[in-house]
Each structure stands twice: as C-alpha cells, then as structure tokens.
Amino acid sequence: MLSPAMLKSMGRRTSREVNLPLDKIRQDSKGNLLPLIEDEEVMQYHGRRRASNHSILDFDGDTAVMLRGVFEQEVLPSRSNARRASVMSMNQRQDRERRASLTANVKIQPHQYTEDPTVAWEMLKAKRPVKRVIQMKLDTPIRPDHVRFVCVSCTHGQPLPHLPDGDVLIVAGDFTSCGLPKEVKNFNAQLANTRHAYRILIAGNHECTFDETFLKSQKREIGEAKEEALKQALLSALHSAKMTTPRPLLTNGLYLQDEVIELFGITIYGTPWQPRVDNWAFNLSRGLPLLEKWNQIPTGVDVLITHTPPLGHGDLMANGQRMGCVELLNTVVKRVKPKYHVYGHIHEGYGCSSDGYTKFINCCSTDHNLDLVNSPVIFDIPVHPTTKQYYLNNIKKVTKRIQKEQLERK
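Sequential numbering of the sequence shown, starting at 1, is according to UniProt numbering.
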C-alpha cells in the first residue's frame, strides 16, 4: 500500500512524464486508499491523457510498476472490469481499423504468371519471406485471457483426429469425401462430441453438394464423364434426402461461405474457393475469377480461413510444383493482413510459417495417401478475461445471434 506522501514524491520525480490528479486522492480512517475518481472523471482524465500523448506507463523502472499497481488496483474499483474489457475490445477494433486504413487504397491485380504458380513464386520469393514456425505444443495450458483455436482440415469423411481442448474449433474444408448428405450428418454428429465452445467450418473441393454452381453445371462445363457421373449420383442422393443442399444438417457448427463473423471480439472470415484443378466443387480459374472472390475479404480481419493455400506457404507438392494462389498471397500480404491464415487442400504442405506478420497454418490432417497422420494445429489470441467468460457463458445466445445475422445477409 502506498501512502499519499509517497505518491506525491513519485509525482514530483516524474512530473515531466506524468500528471496524475493527486489532489483528489482520499484515505479512509485506516489509511487505505479509496476510489478517487468517478466514472465520468476517469473518462475525462483518459481523454486528457490521450490528447496530451502521455501515459502512466511511458517510462520504465520501479516507478512505472508501482504506479500501474496503484492505478489498476486502488484507484479503479474492481467493478471496472467490464469497462476495461470494453476498452480492450475497442483497442482490437482500432487495430483492425488501423490495418484497414493503411491498405484502403491497395488494389490487387492478377499476376502475369498466375497460371504457373511455380514460376510466379520464383519471381516473388525474394520479396516474400517465408519463416518456419514451431507449432505450439498441444498440451499447452489454456490461459483465461487468451482464446485457444484448434485447427484441422481434409479428413475426407474419416473420424476427426484426437482434438486437444480449446475454445474454437476450425475445420478448413474437405470434411467429407464428396458431400453426400449421410457424410454431412455423420460429421455433424462428430462435431457434437467435441469439447469446443464454438466450431467454425468452411467447405472444400470435396463438399460438392455445397456448391450450387457445380450441381447446375452441364457436362460440357465440368469436363470429364466421371465428374458428370458424380454429379448425377449426388443429385440423386439429395433428392432421396428431400433437400437441395445438406447445409442445414450442420447444426453443431457455424458454416461460413464468403462471410465474416465475430467471436470473443475476434473477426473471422471463411471462404471455400480454390484454383481449378479437378473440376470438383468451388473451383475457379486462376487470375481475375479467383481475385474477385478474394476482393470480398474485409481488410483487417483477424483470422482468415480458406481451403486453398496462398502461394509459397504450405503449397509445395511432392513433385516440386507449387499449387498456391498468387492472387491470394498478394491479397493477404498487401491488403487484408490477418494475424492468422488457416487452410488445407495441399496435404504435403502441412505445417506453419510466417512472413513476419501473418502466421500461415496448413492444418491438413491427412497425408497424400489420405492417412490421418498429422496433429491438429493450435494458436492463441489474447482477449480480456471478462470478454472470454461472457462468450463461454453464452454459447447458445451468441450462436443464435450469429445464425440470425447470417440469415439476414442472404
């Protein structure tokens, strides 16, 4: 406990950096410090402090530690937790707005070698650093002031691998072999057995029944006869199940398709598209068609989920060819700048990397033989404990709100 005299002494020693309202300090009969400033005065004080570009933590040493303890533990009452959580949420929004403002005028153009990603990467790699990142250990304790994300992808209808505990489960596509309603129903049952508060998923090229364009395409549009036979089998299965899409069967997760949601004050965007290779679901030609999809991604989102990898990060095939999308890479690096980019699709590219700002996560659960050999990937994002507790205590309420917002956007 610091006496008013000590505070005044510290105030004199740091008068050039700090201008605390020490004349308002009060003591009770036992010499304990009492809450000094009413809520309105606290807000005015913070406003003056921001206006003068001064902070009580603008200096180093024991003085900063003592002042921080007095200000947080004594001056502000304990009931201000909600207000501090609101301030942290505001800071997160300000960070997103700052990132958005820095890239507001950035326009991405199709790369001249977009059709040959291997050549495109040879041209770009000198300016696009790729740093290998050591994955977090799956038994890392979950902190009350961090949200734990657990990421998997490309299980292809097999049971989910053993999942570590976490707050949000991300499934980056290809959770079925071809999108049959019975496969979707089985996967939904698996989601119900996970211990995660929220489950977010996108489709991949194997969720054929989720792509209306694929189902409506003609034989001459989708190419080979085997794709046409697959489409007819899927349409028959949907007809037998008396539905046009199996999306409503995903009752235990939040499905994202070119849309953004917010959880724990963290913005998350999901999109299923990928460069055309196999003429399956959500295939688009490289260049402008895919770029138009990437242009829908809001600038400054915190977590971006795609099925395809960007060029240069977890996209190298066993034959030495690159399969990532160069327009997606440029969109991520130059405009969106997410904290985390999660994807799958290229099974040989499992692992994590970074460009110095964004952490790229290829979380494919299976290898190129479709064997479940890869562990889930986890990461944490800091939030205020009060914010985290609210979302954990109101899972059904928050989920219904998000689902309502999704319906209103359609």
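By construction, the Cβ of each residue, glycine as well, lies at the ideal position given by its N, Cα and C atoms.
Note that this is a predicted model, so its numbers are computed, not measured.
Nearest-angstrom Cα separation, counted from residue j out to residue i
i: Ile-305; j: His-239; result: 31 angstroms
i: Gln-232; j: Gln-389; result: 48 angstroms
i: Pro-272; j: Arg-409; result: 18 angstroms
i: Arg-276; j: Lys-131; result: 28 angstroms
i: Thr-358; j: Pro-159; result: 30 angstroms
i: Thr-387; j: Leu-215; result: 42 angstroms
i: Ser-285; j: Asp-145; result: 42 angstroms
i: His-347; j: Asp-367; result: 5 angstroms
i: residue 435; j: Ala-192; result: Lying outside 1 to 410, the shown extent of the chain, residue 435 is not represented and no answer is given.
i: Pro-385; j: Pro-141; result: 15 angstroms
i: Ala-203; j: Leu-234; result: 16 angstroms
i: Asn-295; j: Lys-185; result: 32 angstroms
i: Leu-230; j: Glu-224; result: 10 angstroms
i: Asp-165; j: Ile-378; result: 10 angstroms
i: Ile-361; j: Pro-310; result: 10 angstroms
i: Tyr-340; j: Ser-217; result: 34 angstroms
i: Gly-314; j: Tyr-343; result: 9 angstroms
i: His-307; j: Asn-205; result: 8 angstroms
i: Thr-331; j: Gly-287; result: 12 angstroms
i: Ser-353; j: Ile-395; result: 32 angstroms
i: Glu-122; j: Asn-369; result: 28 angstroms
i: Gly-265; j: Val-383; result: 8 angstroms
i: Asp-302; j: Val-333; result: 13 angstroms
i: Val-106; j: Ser-236; result: 46 angstroms
i: Ser-365; j: Pro-376; result: 7 angstroms
i: Asn-393; j: Leu-249; result: 25 angstroms
i: Arg-247; j: Ala-126; result: 42 angstroms
i: Pro-289; j: Gln-109; result: 11 angstroms
i: Cys-363; j: Thr-245; result: 26 angstroms
i: Glu-259; j: Val-373; result: 31 angstroms
i: Ile-268; j: Pro-298; result: 10 angstroms
DSSP-derived helix/strand/coil call for residue i
i: Pro-110; result: coil
i: Tyr-350; result: coil
i: Tyr-357; result: coil
i: Asn-393; result: helix
i: Gln-296; result: coil
i: Gln-406; result: helix
i: His-341; result: strand
i: Pro-117; result: helix
i: Glu-207; result: coil
i: Gln-135; result: coil
i: Asn-330; result: helix
i: Arg-143; result: coil
i: Leu-238; result: helix
i: Leu-370; result: coil
i: Arg-322; result: strand
i: Pro-310; result: strand
i: Asp-58; result: Here the model assigns Asp-58 a pLDDT of 38, short of 50, so the residue's position is not dependable, and the following value carries that caveat. Coil, per DSSP.
N- and C-terminal bounds of the beta strand (DSSP E) containing residue i
i: His-146; result: 146–152
i: Ala-172; result: 168–172
i: Thr-306; result: 303–306
i: Val-377; result: 377–382
N- and C-terminal bounds of the alpha helix (DSSP H) containing residue i
i: Leu-160; result: That residue, Leu-160, is in no alpha helix (DSSP H); it is neither H nor E in DSSP.
i: Phe-175; result: Careful: Phe-175 lies outside any alpha helix (DSSP H) and carries neither H nor E.
i: Pro-181; result: 181–192
i: Glu-224; result: Per DSSP, Glu-224 belongs to no alpha helix (DSSP H) and is neither H nor E.
i: Leu-201; result: Element bounds for Leu-201: not the alpha helix (DSSP H) but the beta strand (DSSP E), 198–202.
i: Leu-316; result: Per DSSP, Leu-316 belongs to no alpha helix (DSSP H) and is neither H nor E.
i: Thr-244; result: Element bounds for Thr-244: n/a, residue is neither H nor E.
i: Lys-216; result: 212–216
C-beta neighbour in chain B for residue i, strict 9 angstroms
i: His-313; result: Included in the structure is just one protein chain, with no chain B present.
**OP:** Assess, as a yes-or-no matter, whether the stretch 203–210 is touched by the stretch 172–187 under the definition of 3 or more beta carbon pairs within less than 8 angstroms.
**Re:** yes
Original post:
Okay, do the stretch 142–157 and the stretch 315–328 touch, 3+ Cβ pairs below 8 angstroms being the bar?
Top reply: no
Original post:
Any chance the stretch 134–141 sits against the stretch 111–119, with 3 or more Cβ pairs inside 8 angstroms?
Top reply: no
Subject >> Complete runs of the beta strand (DSSP E) confined to the stretch 246–295 [at least 3 residues] >> reply: 259–263 and 266–271
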